[in-house]
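Peer 1: Please read through the structure below; I'll follow up with questions.
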Amino acid sequence: MATQHSRSAARLMMAPAVVLLLGWMLVPLIMTLTFSFKQYLPLRGGDLGWVGFDNYVRFVSSSAFWPSVVATLTIVGGVLIITVVLGILLAILLNQPMWGQGIVRILVIAPFFVMPTVSALVWKNMFMDPVNGLFAHLWKFFGAEPVAWLSEASMPSIVMIVSWQWLPFATLILLTAIQSLDSEQLEAAEMDGAPPIKRFGYIILPHLGRAITIVILIQTIFLLAVFAEIFVTTGGAFGTRTLTYLIYQRVLESQNVGLGSAGGVYAIILANIVAIFLMRIVGKNLDA
Amino acid sequence: MGQIKLNQVTKSFGETQVIPPLDLTIEDGEFTVFVGPSGCGKSTLLRLIAGLEDITSGHIEIDGADATNVPPAKRGLAMVFQSYALYPHMSVRKNIAFPMKMAGVPEDEQKRRIEGAAKALNLTDYLDRKPGQLSGGQRQRVAIGRSIVREPSAFLFDEPLSNLDAALRVGMRLEISELHERLKTTMIYVTHDQVEAMTMADKIVVLRAGFIEQVGSPLDLYHAPRNEFVAGFIGSPKMNLIKGPEAAKHNAATIGIRPEHTDVSMTEGMWEGRVGVAEHLGSDTFIHVHDTGLGDMITVRITGDIQVKHGDPIFLTPQLDKLHKFNDQGLRID
Amino acid sequence: MGQIKLNQVTKSFGETQVIPPLDLTIEDGEFTVFVGPSGCGKSTLLRLIAGLEDITSGHIEIDGADATNVPPAKRGLAMVFQSYALYPHMSVRKNIAFPMKMAGVPEDEQKRRIEGAAKALNLTDYLDRKPGQLSGGQRQRVAIGRSIVREPSAFLFDEPLSNLDAALRVGMRLEISELHERLKTTMIYVTHDQVEAMTMADKIVVLRAGFIEQVGSPLDLYHAPRNEFVAGFIGSPKMNLIKGPEAAKHNAATIGIRPEHTDVSMTEGMWEGRVGVAEHLGSDTFIHVHDTGLGDMITVRITGDIQVKHGDPIFLTPQLDKLHKFNDQGLRID
Amino acid sequence: ENLVIATVNNGDMIRMQGLTQDFTDKTGHTVEWVTLEENVLRQRVTTDIAAKGGSFDIMTIGMYETPIWGANGWLVPLDDFSAEYDVDDILPAMRGGLSHDGTLYAAPFYGESSMIMYRTDLMEAAGLEMPTAPTWQFIREAAAAMTDRDADINGICLRGKAGWGEGGAFITVTANSFGARWFDEEWNAQFDQPEWKEALTFFTEMMSESGPTGYATNGFNENLNLFQQGKCGMWIDATVAASFVTNPNDSTVADSVGFALAPNAEGVEKRANWLWAWALAIPAGTQKEDAAKEFIEWATSKEYIELVAANEGWANVPPGARTSLYENPNYKEVPFAQMTLDSILAADPSNPTVKPVPYVGIQFAAIPEFAGIATEVSQEFSAVYAGQQTVEEALAKAQALTNDAMEAAGYR
Amino acid sequence: MARAVTQQRKLINTALAWGIGLLIFFPILWTILTSFKTEATAIADPPVFLAFDWTLENYEAVMERSNYAKFLWNSIIIAGGSTILGIIVAVPAAWSMAFVPSKRTKDILLWMLSTKMLPAVGVLYPIYLIFINLGILDSRVGLVIVLMLMNLPIIVWMLYTYFREIPGEILEAARMDGASLKEEILYVLTPMAIPGIASTVLLNFILAWNEAFWTLNLTAANAAPLTAFIASYSSPEGLFFAKLSAASTMAIAPILILGWFSQKQLVSGLTFGAVK
Ligand SMILES: Nc1ncnc2c1ncn2[C@@H]1O[C@H](COP(=O)(O)OP(=O)(O)OP(=O)(O)O)[C@@H](O)[C@H]1O
Ligand SMILES: Nc1ncnc2c1ncn2[C@@H]1O[C@H](COP(=O)(O)OP(=O)(O)OP(=O)(O)O)[C@@H](O)[C@H]1O
Ligand SMILES: [Mg+2]
Ligand SMILES: [Mg+2]
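Residue numbers (my numbering), protein chains in the order written: chain L, 125 to 412; chain C, 402 to 735; chain V, 402 to 735; chain R, 189 to 600; chain B, 292 to 567.
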């Protein structure tokens, strides 16, 4: 279905979205690039002139840089693994016949509606606080020494909080995917003598491949930008300083916009590396 | 090897009984077709046999042994699904190998059987393709191949051809018939297409709303339908069923005459009417005759070609020895 | 009102030419069927006529006026799609009213035409249902209703019946034929089912890979196919095509004989073979005969029933006056 | 006119929000509050003022920002207060810390230093007595003596939370009291000096002996909670906390709290107390300068203090800003009043450490880069508290990153 | 054809699913419960679940402290506005991609998604400066625009995958029936895509509602939504668990309720074309 007329109409109708996004991407990007080559210190009068690649060199050579890349990837990777694995299990469970399925689904979805700030605050104070938190009470109840979650197990804690927020999303998408699996395929496998575990491994999991890549793609986009959770809980201490957070510290705490902008450029590069990596898989899967 | 016996089998989904108590024996090596209108319980019956649904009451015996509570994989049956139910992410080879892999058949034996099946089904060139790259007919063959390699004691088919187009359907129909000739394995075949039933079956089971209306060979059903339902269901074009005074003349509530058992003349005959649509197939002509005063339109078939135009007067004479008579409960009167 | 003329029309998608230069005239009031195997360009051709695709080169005339660059809505044609393409969120009434609403037809005129169409198509009781609540046949009728109210100069149908099951297909086929009898509007009908083509068409256009293989009335095509392709395509079961020495006897590269033009005997005849699968339809029997030494399997049709078993020897005699001969380019020799 | 005021979400500021009707009645100006948590507030107002966003008519800022912003000309000088406002009544230390080149740029709403708050009952039970000016060594012994893990009592609660205004501030004043400093006069970081190592080691050891679990994430608020629940023997923190821990509505230990000056290491003349004020300032360029000034005058006036006293009692008035408050007989009855004043007077922002330094500020250095650097340094230290690295590692990293940042900013 | 299941299996499934569901939901439940406790009960050890004196004092305290209605209204306007605007821009774009695909369609789509990878903190200053220049700092309009742009890629993508499942034949039928492009989109495509549009709206409403970086940094007194409201509760002095819970509950309640009532649409629409 493509006449000349509809093709030109299509181009026209794409225009607003494309132009807007192009602007949204280019204008800040160009400004960031400009700043990144400048000594730009708002508290010392702003633009202090060009400094070439100084900011870039300084940003990578800072001792915080590589750990922050590692922290970023750890959070993204950790949350992805947890949400995808648990999401699959939950989706399978929710797909079973049961009473009150709708209500259970509501319960499982709920965390998705919670603002990241609120969820971080609630987890940090009411659950993970080593004295008054619910976990501390629970640990003491079983005679264990309460854990100072956010300092002693900072990364796992943050990964947990973020996973809690994103698990519903993964579960929802995977659930929809599972529901679309032709039940005849499962029955065929059953007739073919495959026990439940093998049916999962040979039939369900491959079927979910596409949905899993979507989950990974979307979540990665959001996880690369995780901020509020770290800001509220550890403030970047205890090895939880992600690249985003490092940039935040450079730009807002140190008020060194030039340096932060260079960091921003690195973050874009990292995001694109991750993205290209993802698109390779997803792009292929999106075709089908 | 392959006798299946249903004994007072019933099936209810929740409150609604879909299969009322039902007895049926399928002999070893027989090609049995379940036929009936949509929703009459054909698939359910097949799935009960396969073990994919639990029986509400009654017993199933396979080869004389009670199989009521045996899980599907252990019944030694193979099933071919309407949607083919191929595993889309596996190559044809892997699809066919899957049941053997599950059963732990040794690699080289697997290979041997896959090649055998592929050759028999003309799939050798496609073994490394994914199902998505195959045509409908090829997919259907893969599904059959997957069943064959298990060397089951019976094959179950659930409308295996309904997703194919007319020409392919004819071809596949033949292939399955030939397969049966070759393997001589029991086959149970579900369809709602009476042509498939007629051309393939050793024995047809006509179902309506879970009840068995008639069991018999295709020609039994064609020549002596037990009731109006079977009469209308078997045969194409449909038997013309005539009620009212014309039927009363023959001491019946309803009389039936097949389109191919009516003689046509342009000049004289028992019933007069006017030509509606005439369908010229070359080999045959179907004429739909209106305004005969017999109620509905009457369809007649003429071998070869005849030149008639819309609105022409036409005369029909039924071959009286081929007339079917039914009483007011719709049952056959002999 | 309704003459359509294609003049050296071509269509390419990117590099690949799907329709090579093609000339075709469809006369006013004619029921033309485009038939051909899948992918041969039938839909493309129809969509070019409809204006849903741009023509790569050439001209289209509708009623003598150049319509090449006229947008679809202005061509005065109506199209019925394979998937029905009903608007699922509108009631049947609204669906039918939609084209009139777009054209700004006054409310009461709309109402009048909707009622007319509904009555003609037996849809009066369903006018307030949504398409989702209708059966396949009813949906198809709504799609037709939506076309009728526009009072187009021609109807375009793209495999309108391929989503229906066998029994319904026969019924709808009749309805469309009757509609054509009544309206006498030009209709162009795409199908890959030769039975539909034979039964409905005034004129059949057989396409292969974008080329027109033959244009003619159904019986012309049946009796005098222009080449092997048309011979094999028209008629069911397929014509038996025989090459080699047997053909050479008749001074041809290939001879063809239709299943219904072969006489069968258990004792003597021209060709001997063995029964493969015999399909008993009651009204007819199709016998697939192997090992005749003529190459492929030969199919014959016998009216009524005959008792043969798999493997029985059988003798066939073609009716020589019904023999088709083709030269080594596959063209008919008369 | 309608004033938009950015402010911090602490008790005194919230209280002020409740009383703004009084201001509106008096002047006819209305007020809209943007109340944010401290860190968010800083980030928000800094961005706004640096980019000249003009979102706020009045900003609540601290002693750290005021001199820097004042020097940049970003704040409206507050040099024309009316006579009845009595600028000279503002405590000199506060006034000094909120001025640049002798001009006041922000009016203190309240001021604070830090001091020891301790449980008199536990101290007694441990058989010890708190001197008015204790040393760190005494504090450590006392903490060990008061600790009773089974009863969930920690001898001492201190800030370990990362952030320059949280644990960063505390470890800086502790280091000061051990004779350490952030920079030498050439702006070289001093974390490689023995005083820092001594201070940090001492702090870490004491906290692991007698501090609460997970103190590495405890800030002011967490410690306040612990103390109010009776889980701390001692707490060294802001003087304003005194009114919370002695408030019987919130505190389970209200009637057994004693106060003392922040400690020092034996033989070091500087004590571990800081100086801080939350103050109100007007960003340059606001259209509503006059109304804003009226508000600041109202909010930091003696009358406001009386207004609060009348509504909520003397214990709840904003402390630490005005000399006259401490001369008020009503206020003298408040148990912690004198110790607060003494602590404030013991702090000297322009001469904060034993060895000379090039900066002003006790628990901070009033240079724009400090917040960023100190936050990162404090994160390294918090990692020590959490047992994730050693004192030496942390100091080495702190040294490196501080020098690096100072170089980036062009100091070295 | 769904398989009938024994009651026993169903019972086990039910127990397991409810257990896990409640576990996942527990933090929210606990927050809601705590918001009705006094500060002292909120930190009681052992914790109390239901047997406490329910009080509304925390809500009163929160209401007294801040103008909740204003924050709520801003949240609704900003999240709603950005979503609606996004849909208006995205529908034509998604139509083009879905029904007039070209070789570049996928590239454009992936490019659009990649614009979301720009770290927000990195561009805060640029955007701040632009906003000042445009005079839309601390205005709802500004936030509507920013959040619309933030979510536009997701909106386009969701609509695109949804539209792709609508058979093109229906649009062609409309074209044959004489509908113009506008009529085709307005009368045929949009109503047909209502479920997809609804879930797109919903998802993006949630994302916009919860967006905390831009909404916090680009607002002051006028346009601050609930994310800013909650930023003033993160650590007041003294015991605050109960008040924090009350404020949290107030911040998430509207969206939670909305989400729960429309979870069917959300679930059914969240296919992202991933699942067919
Ligand atoms: N899982 C189920 N739960 C409830 N009712 C069911 C279930 N499966 C089938 N049914 C009902 O049982 C009856 C028989 O269904 P079945 O699928 O066996 O019919 P069928 O003859 O195979 O029809 P078709 O030709 O359409 O495939 C139908 O009325 C159907 O609605
Ligand atoms: N938009 C398109 N882009 C590229 N090739 C196309 C396009 N549409 C159709 N084709 C190609 O054009 C040829 C003719 O397609 P068309 O749909 O007309 O066949 P058809 O005869 O209608 O087949 P069927 O019976 O399967 O509907 C096919 O080879 C097809 O792959
Ligand atoms: Mg069925
Ligand atoms: Mg087609």
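All C-beta atoms, glycine included, are put in the ideal place defined by N, C-alpha and C. Just so you know, these numbers come straight off a predicted model, no measurement behind them.
Quick one: does residue 373 of chain L have its CB under 7 angstroms from some CB of chain V?
Peer 2: no
Peer 1: Please give me, in chain order, every unbroken run of the beta strand (DSSP E) with length at least 3 that falls completely inside the segment 536 to 592 of chain C.
Peer 2: 555 to 559, 587 to 592
Peer 1: Going by C-alpha to C-alpha distance, which of C:473, C:645, C:735 sits closest to residue 626 of chain C?
Peer 2: C:735
Peer 1: Within its chain, find whatever has a CB closer than 8 angstroms to the CB of residue 438 of chain V; leave out the 5 residues flanking it on each side and keep chain order.
Peer 2: Same-chain partners within the cutoff: 593, 609, 634.
Peer 1: Using beta-carbon positions only, say whether residue 458 of chain R and residue 365 of chain R come within less than 7 angstroms of one another.
Peer 2: With respect to residue 365 of chain R, residue 458 of chain R sits close: the two C-beta atoms are nearer than 7 angstroms.
Peer 1: Do residue 449 of chain C and residue 553 of chain C have their C-beta atoms within less than 7 angstroms of each other?
Peer 2: No, these two residues do not count as a Cβ contact at 7 angstroms.
Peer 1: To test your reading of the DSSP string, which unbroken alpha helix (DSSP H) runs of 4 or more residues are found completely within the segment 336 to 409 of chain R?
Peer 2: 355 to 365, 382 to 398
Peer 1: By DSSP, does residue 415 of chain R sit in helix, in strand, or in coil?
Peer 2: helix
Peer 1: By alpha-carbon positions, which one of V:540, V:671, V:423, V:452 ends up nearest to residue 463 of chain B?
Peer 2: V:452
Peer 1: Considering only residues of the same chain and omitting the five flanking positions on each side of residue 408 of chain R, which have a CB-CB separation below 8 angstroms?
Peer 2: 347, 354, 425, 426, 429
Peer 1: Go through its chain and collect everything with a Cβ distance to residue 695 of chain C's Cβ below 6 angstroms, but skip five positions before and after it.
Peer 2: 643, 647
Peer 1: So which residues on chain V does residue 623 of chain C lean against when the C-beta distance must stay under 9 angstroms?
Peer 2: Within chain V, the C-beta atoms nearer than 9 angstroms to that of residue 623 of chain C come from 681, 682, 683, 684, 706, in chain order.
Peer 1: Is residue 444 of chain C near ligand 3 - that is, is its Cβ less than 6 angstroms away from at least one heavy atom of it?
Peer 2: yes
Peer 1: Where do the N-terminal and C-terminal ends of the beta strand (DSSP E) with residue 676 of chain C fall, by residue?
Peer 2: 672 to 681
Peer 1: Closest to residue 549 of chain B by CA distance: which of L:238, L:159, L:135, L:185 is it?
Peer 2: L:238
Peer 1: Would you report the Cα separation of residue 566 of chain B and residue 243 of chain L, rounded to the nearest angstrom?
Peer 2: Only weak support is given to the placement of residue 566 of chain B: the predicted model assigns it a pLDDT of 46, under 50, and the question is left unresolved by the model.
Peer 1: Please report how far the alpha carbon of residue 206 of chain R lies from the alpha carbon of residue 197 of chain R, in whole angstroms.
Peer 2: 13 angstroms
Peer 1: Could you tell me the distance, in whole angstroms, from the CA atom of residue 411 of chain V to the CA atom of residue 655 of chain C?
Peer 2: About 58 angstroms.
Peer 1: Sort B:357, B:319, B:375 by Cα distance to residue 491 of chain B and report the nearest one.
Peer 2: B:375
Peer 1: Are residue 621 of chain R and residue 415 of chain B touching if we call contact CB-CB under 7 angstroms?
Peer 2: Since the first residue shown for chain R is 189 and the last is 600, residue 621 of chain R is missing from the structure and cannot be characterised.
Peer 1: Can you find a CB in chain V that lies within less than 7 angstroms of the CB of residue 391 of chain B?
Peer 2: no
Peer 1: Considering residue 190 of chain R, what are the terminal residues of the beta strand (DSSP E) in which it resides?
Peer 2: 190 to 196
Peer 1: Would you identify the three-state DSSP class for residue 651 of chain C, choosing helix, strand or coil?
Peer 2: coil
Peer 1: Ligand 1 heavy atoms versus the CB of residue 441 of chain V: any closer than 6 angstroms?
Peer 2: no
Peer 1: So is residue 280 of chain L in contact with chain B if we call contact Cβ pairs under 7 angstroms?
Peer 2: no
Peer 1: Within 6 angstroms: the Cβ of residue 414 of chain V and any heavy atom of ligand 2?
Peer 2: Ligand 2 approaches residue 414 of chain V closely enough that one of its heavy atoms is under 6 angstroms from the residue's Cβ.
Peer 1: Let me check one thing: in DSSP terms, what residues is residue 465 of chain R bridge-paired to?
Peer 2: In the DSSP assignment, residue 465 of chain R forms a beta bridge with R:299.
Peer 1: Please name the residue or residues paired with residue 418 of chain C in a DSSP beta bridge.
Peer 2: C:413
Peer 1: Could you name the residues of the segment 445 to 461 of chain C whose beta carbon sits closer than 9 angstroms to any beta carbon of chain V, in the order they occur along the chain?
Peer 2: Answer in chain order: no residues at all.
Peer 1: Using 7 angstroms as the limit for Cβ to Cβ distance, is residue 603 of chain V near chain C?
Peer 2: no
Peer 1: Helix, strand or coil: which one does DSSP assign to residue 408 of chain V?
Peer 2: strand
Peer 1: Quick one: does residue 487 of chain B have its CB under 7 angstroms from some CB of chain V?
Peer 2: no
Peer 1: Among R:444, R:224, R:281, R:223, whose alpha-carbon lies nearest the alpha-carbon of residue 540 of chain R?
Peer 2: R:281
Peer 1: If I measure Cβ to Cβ from residue 245 of chain R and keep anything under 6 angstroms in the same chain, skipping five residues before and after, which residues do I get?
Peer 2: 191, 192, 474, 476, 480
Peer 1: Just to confirm the assignment: which complete alpha helix (DSSP H) runs, minimum length 4, are found wholly within the segment 405 to 448 of chain B?
Peer 2: 415 to 425
Peer 1: Have a look at residue 423 of chain C and residue 638 of chain C and give me their C-alpha separation to the nearest angstrom.
Peer 2: The alpha-carbon of residue 423 of chain C is positioned some 30 angstroms away from that of residue 638 of chain C.
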